[in-house]
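Here's the structure we're looking at; comments come further down.
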């Protein structure tokens, strides 16, 4: 069971250059084979499936906790994509003005046809994420090795997307995730180390380029974010610290467990895109909806809705 | 952002007739087009993607809250599958004894080859869940209509799996989910009603067979579980009650919002399956692991691990 | 543009041994790579796409006409599957009786979960038909060669399904389609011959086993059915006879064009399966539906519907 | 069974701006999840699969009739794509001139490699249509709800493609299909209404933008085209009028059934594309083919064919 | 470039219990995500793609050599499947005898419909191998880590198939491949060790169950087969020995490079299956083929072919 | 069993215009339905699967030999793609310089995210090759017909890629493969002719455009390359000459078998792409790797590696 907070892990800046092709590239980090959907779902299923957990509790606690953080990562990547797509077509209510003309040449047409300029669980080629990406063999050593490899593959993709897109929204997100993903890489190497005695952490970094080369990562590492593993419920996942401890294999700093809180940052209110009838279209029945609105909100919201995204403080206009 | 608790929504009984083919059937409710992965991911992405939420807050709050509960549902179905698969092959460490012989005729070979007799995000034919199942058009009315339809399709599948498998574990899970899924159907019908004034709820039940015909559902409805929508964070999702209110369209009882808590039931500790080296195999280096174990648990866990699933109180042996 | 008649090409007998696994095998002829969906869609798209048709009219007319007949073939295979599935589970309205218990071991679970014991465009492994199966290169010679190969592959599959299932419904269908598919093989060999002068027809039969070995085919060939190409609109497809003429390459009989008519056989009325709420469930609101029914049919249909499939003359009960 | 006419539902204008990327966008309406292949195949299979039709005849008749019209829609969209692709590369017989150079940057390479600048059953990302898109649960209410949702989703896509492409060929097609698809939306809402008494039609339009905003639709609605349901065989589908009657839910005009005729418009003769050897290549054996041609057409067609698309009145040159 | 020999790596015994479901299970080792198609194709593409090989030559040589051996592995698994399928249906030429009746319940229908009781590149659920299984990031450390993980996953599957099927053909093949795959695991661990200094080999065995527990593996290890890396061309791949040397991480024995030769064992001549017209059908034109045969073989082969598989010494009859 | 040589069939020139979109187009010839992966795998599996080979030996020998050559073709196409991708992004070690910026608009993002600017087994739309492309019915005539068709389809694609890309690397490769693929087309037509007496070769060329029109093919045909079938092991595949003999169907020249040798051309050493950490990244631990390097190569390779691709004679710099 989970509970949810209306918060993001970081305060996501608004894009300087919203761009459908940048958004398309970022999709790899969401729905690619090595994207956040894969990390989220791998660890989630491994935690549901964990056999003999009474004996191997620390490993179970570790996997379950990392799974939990991954939800925030699919969230963060999705918001990045949504921001990169907002306002990239001509806003308005008249379809004859060909408001989506620019979208005809965009690499990923699903952003404009299947979604309302929004994220979907697909990769940078518009291929959808699939459950085939979940590995859960039941053998702990093999599953941990998989997770270690998965995180390294995910890291390679993050680096490459960073090199492809220089928009500050994308880089803030990637920079942060390089650090947090780095924690997960180390966590799985520590787990393998506990199980086998082999110093797997010494293989790092994979690929062999340091997080320090990315300013948006470095700033987080400077305040020690790479040393912290979150525990999402102190009561339920007590033993995670028996694995997560000792020195960080790359810089030798001391690792520590921290109880996760629901602190975070309010997610941006995404602009309306009236030409996509997102969220509502120009011909919603005014009288009908006014009644509804009055009941729902106790005020004349409808009029505003009818007028499109006027002065409301929304994501795009706050830039 | 989410946090997680090591709890299940119900106290899942142990199977009377563990069976690979029953487990294979139940997979439809996990990874099928209309399975819980689909409901979880549809609402999750719709919540990330919601445009103009400042104006349409109650709808956003509704979708985000239902998404949250769906996590518990993929969890519950996964545990059901895991229990139905536990102990269905010959336990032991000698591969020459052909311990998986019975699996050769099982409908879904992935349960024995790709997983350690465990759930994977696939359907009853062993086809993996795909992100194509996520619908997020950006238009609120269309997304709500989709969700209403999705939940009805999910309900049809639940009923059919119930009719296919009579094991008490499966039926306890399905019975509960028919009630909670029923809440989500009503929620989306209420949302459409608020938006349009059309009494969509009067279409129910779809398919036209009442939850009352399922004893494992009826008992939950008798204590009013079908009237409650969970709010997962009172602070963050204030307005869900402006949609979830009034009379239940099927029995007229009064709907109410309840703040979700982390109460629930301890998930079963799943038996080891040594013939699948789940979680560890017979040849793990004893000296190496003993050191590790001592450090980790401060006791001689390894000896027990070496001996397989002796007297530990595990899922299977509690039956 | 097309028009449709409520008729089947043959008078399909009722199965002697309805069987989910027989139905599963027959699916290959519907949604397999070489199934009727493939022949229907290949020729349909090739006809839409035909370039330079004013010069090559006879070829266009041929492809368009064969495409048209293929619709009747997807229809015929679908009805066969539906009949083979009817009554294979326990009929009734009580889900607790586990009416679908037998379905848990059936090879194709979609017949019971995704459909109401009904055909879907998938193959014998439950994999869905895909548009990748359509070949339309634009080069006439290559497209004709493809079609010739496709029909030979389709013939191999028909023969193998015949050898797998001995139920009279399946064999009546396969026997008929071997003959009509045989016409299409010859048609494409004739077309290649007209275009190139090579006696492609002499390659037949492929695979090298004659239709004469199948009693259910032989009876149709004895009345000359293998000599007839249907023209679906004498006005619009005048020139098909410039290709379809001369001697049949296997038995030397004279080929002839015949104008297709809407004669045919009334399709069976498929039994209700109340346990699958197909077409309606036990809890449809009686008062509501009675009003509707009265308006629709002018009589008390509802009572009967409410009672399940009593004495109505339906497919299954007519046997 | 069907019969076919060499006609299109409308007189399709020739494109002003043929464009591979416009063609790629239009593919969504052909082979997308919500494209015409989906509507055609859903209703076709639902009609084959309809259980208990003797009691529920009007619903069967409705579904079968709508299925029939959908064939004309896959046809119309395919021709639109073919016209948008014609002449978009350098015509000629010399491969060293790199005649397809411009195609290297086109979004959908299959148009140039897998087809001869022609339509294929795929979507706007070049992903092929799949039978997974067919929903046929056997439960009438659920199937009708699905169809209603499917048509609304299809409508959203049509609107978005309209907004993306301003070429008159594309817009004439979309404008017409918005009207005819609109009829199908209303038809399924009426069917649900008859079955349940709920005024489903009042949810319309979904998305909430009226057809009146599209000039190419408005002109058809002004002559009442949105009020007509076609009956494709008066004899066989008698009862469709018991559902299709009363007032149109959007403008209150009176609905009426009309017997479909084979009237329509001659489809354009698509230009040859010699660089793609479509339909034949430059090196077809002249002597061989002359003989063939003489027999087939009684004239020296070959010389012309050998010369490419000289003065023949073809699609492109008629502009 | 390669050259090929008509030889298998081992002398494959004939099955004692040919069985379609055993064959279906073995398919996982051919076309599964962790099957031999995956190892073959991963290393083949990594070798084609290797950047900077002049500097990193030993690694290139290693990957290219392992790739080469994998071809023999897809070959060996394919023959195993073919033998397990031979003679599992009723042999004969009369289709009305329902010779494939037993196949209707087999887990994998493609063996009887798409192939002539033969191997295809698919897995144990009949899902086809896909190029998505190829990982080639360009980063050497990451690619080596992937390969190490891939081989461990492959090992887990081999063990599980061994435990599922006790037929001597299957076990001889798996026993041999456990040893040779074991060489590849060690090779990649050595490569990682050379690159990073981390003793990756100490993680072995993964899963933690020794090859010694499998008699069919043990016999090969007893003669040192696990110590040998094959070099497929002494001239071209000189430097493989700079990686493959030192002690075996599991038993400390000395590793050595051996130049591969074309020695091996004649593959079995697979029985004809006349009911599947494999390789030819009963109605091949006798006169025509006799001429051909005479020319080809200089003797009256045809008569024999016409008579089916009489006394010819074939795979099946040699048992 | 195979052995491998570090050679390519031709001396591949370096590209004049490296281009991601050209590389994307060429992928169709590698991983498309009609690409070299398909020819390689079809014939390889057909050879493993060949039933009754003792009687039909010449056909077996033919298929096995053609399969062997196809390996060189996937190799040649892969190197072409790798060369077309080399140096298409900004080389360097600083990720903040957005070195992959140009890749954001490339048609195939996998070249930059999933690979290190390298070939993968996918087609021109980035869809991965699948085992579904393998046809192996067991019936010899049908399999040969398939192969003949497959090669014609492959030829059409080669021609179209040639027309799309004018870079000399791509055209040298395509020109050569048109000739060698042409040999395979003729080989399968000869095989069908031997089996049936039908002059299938007279259908050629398909599509109807001669290889003579392609200068890069003509030069090979002028030296007779189209007349030679390679035998990859004179001992093991003796009888291939009983099929491959007589006159070439297009120009009447005499066909001959030639024993393949390992002659060929050294493959280009592909440039490093440091921004993709291919093969190693900037932060590989210098001390650690220096030790390794010294042991491996006996010299100070590391320094060079640390400095990137300085003066080393690599593919790109040799141009």
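Residue numbers (my numbering), protein chains in the order written: chain A, 641 to 959; chain B, 641 to 959; chain C, 641 to 959; chain D, 641 to 959; chain E, 641 to 959; chain F, 641 to 959. Ideal Cβ positions, reconstructed from N, Cα and C, are used throughout, including at glycine.
1. Under 8 Å: do the stretch 756-773 of chain F and the stretch 837-850 of chain C share three or more Cβ pairs, one atom per stretch?
2. Excluding the 5 residues flanking residue 802 (chain F) on each side, which residues of the same chain have their C-beta closer than 7 Å to its C-beta?
3. I want to verify the contact list: residues of chain D whose CB lies under 8 Å from the CB of residue 668 (chain F), in sequence order.
4. Between residue 723 (chain B) and residue 652 (chain B), is the Cβ-Cβ spacing less than 8 Å?
5. Beta-carbon of residue 922 (chain F) versus every beta-carbon of chain A: anything under 8 Å?
6. Chain F beta carbons: is any one of them nearer than 8 Å to that of residue 658 (chain D)?
7. Within 10 angstroms of the Cβ of residue 720 (chain F), are there 16 or more other Cβ atoms? Answer buried if so, exposed if not.
8. Does the ligand COA have even one heavy atom less than 7 Å from the beta-carbon of residue 778 (chain C)?
9. Going by DSSP, what residues sit across from residue 887 (chain F) in a beta bridge?
10. In whole angstroms, what is the alpha-carbon distance linking residue 703 (chain A) and residue 879 (chain A)?
11. Three-state secondary structure (DSSP) at residue 718 (chain A)?
12. Does chain F have any CB closer than 8 Å to the CB of residue 786 (chain C)?
13. For residue 793 (chain E), go through chain A and note every residue whose CB falls closer than 8 Å to its CB, in chain order.
14. Out of D:742, D:883 and D:825, point me to the one whose CA is closest to residue 806 (chain F)'s CA.
15. I'd like to confirm the pairing. Which residues does DSSP put opposite residue 643 (chain E) in its beta bridges?
16. Compare the C-alpha of residue 759 (chain C) against each of C:808, C:697, C:677 and C:696 and name the closest.
17. Are the C-beta of residue 789 (chain A) and some C-beta of chain E separated by less than 8 Å?
18. For residue 877 (chain C), which residues in the same chain have their Cβ closer than 8 Å to its Cβ, ignoring the five residues on either side in sequence?
19. What does residue 831 (chain F) touch in chain C if you count any residue whose Cβ is under 8 Å from its own?
20. Contact check, residue 867 (chain C) vs residue 888 (chain C) under 8 Å by CB: the rounded distance?
21. Taking the alpha-carbon positions, what's the residue 648 (chain B) to residue 767 (chain F) distance?
22. Under a three-way DSSP split, which group does residue 973 (chain D) fall into?
23. Please compile the residues from chain E whose C-beta is within a distance smaller than 8 Å of the C-beta of residue 803 (chain A).
24. Using C-beta distances below 6 Å, list every residue in its chain close to residue 858 (chain A), excluding the 5 sequence neighbours before and after it, in chain order.
25. Please determine, among F:817, F:831, F:799 and F:827, the residue with the shortest C-alpha to C-alpha distance to residue 847 (chain F).
26. Give the DSSP-derived three-state secondary structure of residue 688 (chain D) in the structure shown.
27. Alpha carbon to alpha carbon, how far is residue 715 (chain A) from residue 655 (chain F)? Give it in angstroms, no decimals.
28. Report back the beta-carbon spacing between residue 642 (chain F) and residue 642 (chain E) to the nearest angstrom; my notes put them in contact at under 8 Å.
29. Using a C-beta to C-beta distance shorter than 8 Å, which residues of chain C count as neighbours of residue 843 (chain F)?
30. Would you identify the three-state DSSP class for residue 754 (chain D), choosing helix, strand or coil?
This is what the structure gives:
1. no
2. By one-based count along the sixth chain, residue 802 (chain F) stands at place 162. The answer, listed in chain order, is 811, 814 and 854.
3. Locating residue 668 (chain F) in the sixth chain gives position 28, where the first residue counts as 1. Going along chain D in sequence order, the residues near residue 668 (chain F) (Cβ under 8 Å) are 749 and 753.
4. Counting from one through the second chain, the residue named residue 723 (chain B) turns up at place 83. Counting from one through the second chain, the residue named residue 652 (chain B) turns up at place 12. Yes, the pair counts as a contact, with Cβ atoms nearer than the cut-off.
5. One-based indexing of the sixth chain puts residue 922 (chain F) at position 282. Yes, residue 922 (chain F) counts as interfacial toward chain A.
6. If you number the fourth chain from 1, residue 658 (chain D) lands on position 18. It does not: the Cβ of residue 658 (chain D) has no partner Cβ on chain F nearer than 8 Å.
7. Within the sixth chain, residue 720 (chain F) is the residue found at index 80, counting from 1. The residue in question, residue 720 (chain F), is buried, as its Cβ has 16 or more Cβ neighbours within 10 Å.
8. With respect to small molecules bound, the structure shown includes none, and the ligand COA cannot be examined in it.
9. Against the sixth chain, residue 887 (chain F) aligns to sequence position 247. For residue 887 (chain F), which the question treats as bridged, DSSP gives the partners F:894.
10. By 1-based counting over the first chain, the position of residue 703 (chain A) is 63. By 1-based counting over the first chain, the position of residue 879 (chain A) is 239. Their backbone Cα atoms lie some 11 Å apart in a straight line.
11. Looking up residue 718 (chain A) in the first chain gives position 78. Of the three classes helix, strand and coil, the one that applies to residue 718 (chain A) here is helix, per DSSP.
12. Position 146 of the third chain holds residue 786 (chain C). For residue 786 (chain C), the answer is yes, since a Cβ of chain F falls inside 8 Å of its Cβ.
13. The residue given as residue 793 (chain E) occupies position 153 in the fifth chain. In chain order: 775, 777, 782 and 786.
14. Walking along the sixth chain from the start, residue 806 (chain F) turns up at place 166. Considering only alpha carbons, the answer is D:742.
15. The residue labelled residue 643 (chain E) in the question sits at position 3 within the fifth chain. Answer by DSSP bridge pairing, in chain order: F:643.
16. What you label residue 759 (chain C) is simply residue 119 of the third chain in a count that begins at 1. If we check each option's Cα against that of residue 759 (chain C), C:677 comes out closest.
17. Residue numbering aside, residue 789 (chain A) sits at position 149 when the first chain is read from its first letter. Yes, residue 789 (chain A) lies at the interface with chain E (some Cβ there is under 8 Å from its Cβ).
18. The residue given as residue 877 (chain C) occupies position 237 in the third chain. Counting only Cβ-Cβ distances below 8 Å, and skipping sequence neighbours, we find 701, 704, 705 and 871.
19. As a position in the sixth chain, residue 831 (chain F) is number 191, starting the count at 1. The premise fails here: residue 831 (chain F) is roughly 12 Å from chain C at the closest Cβ pair, so nothing lies under 8 Å.
20. Within the third chain, residue 867 (chain C) is the residue found at index 227, counting from 1. Within the third chain, residue 888 (chain C) is the residue found at index 248, counting from 1. Right, the Cβ-Cβ distance comes to about 6 Å (below 8 Å), so this counts as a contact.
21. As a working note, residue 648 (chain B) is residue 8 in the second chain. As a working note, residue 767 (chain F) is residue 127 in the sixth chain. Using only the alpha carbons, I get a separation of about 40 Å.
22. Only positions 641 to 959 of chain D appear in the structure, and residue 973 (chain D) is not among them; the question remains open.
23. Here residue 803 (chain A) is taken as the residue at index 163 of the first chain, counted from 1. Near residue 803 (chain A) there are no residues of chain E at all, since even the closest Cβ is about 13 Å away, more than 8 Å.
24. Position 218 of the first chain, counting from 1, holds the residue named residue 858 (chain A). Excluding positions up to five away in sequence, the list reads 852.
25. On the sixth chain, position 207 is the one that residue 847 (chain F) refers to. Checking every option, the nearest Cα to that of residue 847 (chain F) belongs to F:799.
26. As a working note, residue 688 (chain D) is residue 48 in the fourth chain. Three-state result, residue 688 (chain D): helix.
27. Taking the first residue of the sixth chain as 1, we reach residue 655 (chain F) at position 15. Taking the first residue of the first chain as 1, we reach residue 715 (chain A) at position 75. Whole-angstrom Cα-Cα distance: 43 Å.
28. Within the sixth chain, residue 642 (chain F) is the residue found at index 2, counting from 1. Within the fifth chain, residue 642 (chain E) is the residue found at index 2, counting from 1. Yes, they are in contact, since the Cβ atoms of residue 642 (chain F) and residue 642 (chain E) sit about 5 Å apart, within 8 Å.
29. As a position in the sixth chain, residue 843 (chain F) is number 203, starting the count at 1. Neighbours of residue 843 (chain F) on chain C, chain order: 781, 785, 832, 836, 838 and 840.
30. Locating residue 754 (chain D) in the fourth chain gives position 114, where the first residue counts as 1. In the structure shown, residue 754 (chain D) sits in coil (DSSP, three-state: anything other than H, G, I, E or B).
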